Amino acid sequence: MTTLRIHIGVDLQAEAAAVKDALRRHEAGESVREHHITFESFEGMSRILTPKRLEILRYLHRNPTASIRALAGSLGRDYRNVHMDVTALVEAGLIDDQDGLRVDYDDVEMKMAL
Numbered sequence: 003m004t005t006l007r008i009h010i011g012v013d014l015q016a017e018a019a020a021v022k023d024a025l026r027r028h029e030a031g032e033s034v035r036e037h038h039i040t041f042e043s044f045e046g047m048s049r050i051l052t053p054k055r056l057e058i059l060r061y062l063h064r065n066p067t068a069s070i071r072a073l074a075g076s077l078g079r080d081y082r083n084v085h086m087d088v089t090a091l092v093e094a095g096l097i098d099d100q101d102g103l104r105v106d107y108d109d110v111e112m113k114m115a116l
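In this note's numbering, the protein residues as written are 3 to 116.
Okay, structure coming up:
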């Protein structure tokens with residue numbers, strides 16, 4: 003099972019420590035297959051992870067799709083709106099768009115700094 007870790011709010015010391023730890027593990031020959039995305043604020047994350055976009059992520063997790071047009075048809079949504087949503091999710095690193103559209107993680111963990 004692959005987990006995507008979303009960090010909200012940046013604790014620079016914690017981020018630096020995590021990068022150093024990943025480098026240490028890589029240099030020791032250990033696997034460092036981790037997926038992390040950081041949003042500067044809760045508001046920033048909320049602009050990207052809207053209910054319709056979460057619907058897209060859930061659908062693509064179960065049903066990798068060849069194109070945005072096919073995805074829009076499967077969801078019964080307007081192509082233009084789905085295109086904008088997919089573009090935002092790809093730019094945020096939440097959808098892999100190489101060879102079609104897919105979500106390569108099984109669950110999401112969120113951590114928010116106060």
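Ideal placement from N, C-alpha and C gives every residue a C-beta, glycine not left out. Treat the numbers as computed from the prediction; the structure is a model and nothing was measured.
Segment contact: the stretch 13-29 against the stretch 56-69, fewer than three CB-CB distances shorter than 8 Å; contact not assigned. Listed in chain order, the alpha helix (DSSP H) elements of length 4 or more contained wholly in the stretch 12-47 are 14-29. DSSP places Arg49 in the helix class (H, G or I) of the three-state scheme.
Taking the Cα of Ser43 as reference, the smallest distance to any Cα among Ser76, Leu59, Tyr61, Asp13 is reached at Asp13.
Exclusion of the five residues before and after Leu116 leaves Gly11 as the residues of its chain whose Cβ lies within less than 8 Å of its Cβ. For the pair His85 and Ile70, the CB atoms are nearer than the 8 Å cut-off. Nearest in C-alpha terms to Gly78, of all of Met112, Glu57, Arg104, is Glu57. Arg55 sits close to Asp87, with the two beta carbons spaced by under 8 Å.
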